[in-house]
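K.L.:
This is the structure, below, for whatever I ask next.
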Amino acid sequence: MKKFLLTATMLVAFTALSKAQQGRVGINTTTPAATLDVVANAADASRPDALLIPRLTRAELETKNTAYADGNATASSAQNGALVFVTGLGGNGTGKTVNVTAPGFYYYDGTNGNNVWKTLGGSGVAKVPSIRTSATGTDLSANDLDGYVYISTNADLSSIPVSAATKGRTITLVKVGGPNPLTVNGMSANSVNSLGQNGRGLAFIYDGAAWQSYSAQ
């Protein structure tokens, strides 16, 4: 009988507490002020007060690419806004992890035309633009994005590679050799696509549909 009364009392108390919180969860508090309210225990110096989110290397995050759905024109991904802490690199650093270049906090931008991990605030390390010289103009690759390529040939250039994660990326092409103007293939019909003078160049940005010239160097 005593056991029954104790169990019933605990059940009533738990039900009352749950209703009082109205769907809120409190850590170190019985009166949570939000959906999840974590209150620090400043009096206990031996216990760390923090919130730990999932921690993975870039390589480990890449193995979960298909778990993070793509957003489209009608709806964002169900994982849009997901937060992780990248502890190290490894993997390829392409596709959804193309922006994961250093340890730090990253959030998943699961919106149409994006669907990539992005740095959170000042987390991570700014990527240093790459600079190289191409003797053919036909070897442009994803590694050249957000960087500079000096073209030392008279031949027309191949199209700049694109993927779902290329939107918003840039590339700057600079003519450094040969007397003839160079044509950059694969540009928007409204875009300047000719490099005519040595020492001058063009900067392009991909708008999700085509490369657009936006600056003369």
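Here my numbering is used: the first residue of the sequence shown is 5, the next is one more, and so on. We put the CB at the ideal spot given by N, CA and C, even for glycine. Quick caveat: nothing in here was measured; it's all calculated off a predicted structure.
I need the boundaries of the beta strand (DSSP E) containing R62, first residue and last residue.
P.N.:
Here residue 62 refers to the residue found at position 58 of the sequence shown. First-last for R62: 62 to 66, but that is the alpha helix (DSSP H), not the beta strand (DSSP E).
K.L.:
Identify, in the order they occur along the chain, each residue of the same chain with its Cβ nearer than 8 Å to the Cβ of T39, setting aside the five sequence neighbours on each side.
P.N.:
As a working note, residue 39 is residue 35 in the sequence shown. Contacts found: G27, R28, V29.
K.L.:
Once DSSP output is grouped into helix, strand and coil, what is the label at A207?
P.N.:
Stepping through the sequence shown from its first residue, residue 207 is reached at position 203. DSSP places A207 in strand when its eight states are reduced to three.
K.L.:
Let's test the definition: count the other Cβ atoms within 10 Å of the Cβ of A17 and tell me whether it reaches 16, buried, or not, exposed.
P.N.:
As a working note, residue 17 is residue 13 in the sequence shown. For A17, the predicted model reports a pLDDT of 49, less than 50, meaning its position is unreliable; a value from the coordinates is still stated below. Under this definition A17 is an exposed residue.
K.L.:
If you draw a straight line from the alpha carbon of N202 to that of K171, how long is it in whole angstroms?
P.N.:
By 1-based counting over the sequence shown, the position of residue 202 is 198. By 1-based counting over the sequence shown, the position of residue 171 is 167. Approximately 29 Å, taken between the alpha carbons.
K.L.:
For the candidate residues V88, D41, V120, whose alpha-carbon lies nearest to that of T70?
P.N.:
In the sequence shown, the residue the question calls residue 70 occupies position 66. Of the listed residues, the one whose Cα sits closest to T70 is V120.
K.L.:
Taking C-alpha atoms, which residue in Y210, D211, L177, G190 lies nearest to G200?
P.N.:
In the sequence shown, the residue the question calls residue 200 occupies position 196. The shortest C-alpha separation from G200 is found at L177.
K.L.:
Report all residues from its chain with a CB closer than 6 Å to the CB of S138; omit the five preceding and five following residues, and keep chain order.
P.N.:
Position 134 of the sequence shown, counted from the start, is the residue given in the question as residue 138. Once the five neighbours on either side are set aside, the close Cβ partners of S138 are V153, I155.
K.L.:
Going by CA-CA distance only, name the one from N116, A37, N96 that's closest to E4.
P.N.:
Absent from the structure is residue 4, since the part of the chain shown begins at 5 and ends at 221.
K.L.:
Taking the alpha-carbon positions, what's the Q216 to Q83 distance?
P.N.:
Numbered from its first residue, the sequence shown carries residue 216 at position 212. Numbered from its first residue, the sequence shown carries residue 83 at position 79. When rounded, the distance between both Cα atoms is 31 Å.
K.L.:
With 16 as the cutoff for other CB atoms within 10 Å, does T33 come out buried or exposed?
P.N.:
As a working mapping, residue 33 is identified with position 29 in the sequence shown. Answer is exposed; the Cβ neighbour count stays below 16.
K.L.:
Could I get the ranges of all uninterrupted beta strand (DSSP E) runs contained in the segment 48 to 131, with 3 residues as the minimum, in chain order?
P.N.:
Segments of the beta strand (DSSP E) lying fully in the segment 48 to 131: 87 to 90, 108 to 113, 120 to 123.
K.L.:
Closest to N147 by C-alpha separation, out of D74, S134, S163, would be which residue?
P.N.:
Position 143 of the sequence shown, counted from the start, is the residue given in the question as residue 147. Considering only alpha carbons, the answer is S134.
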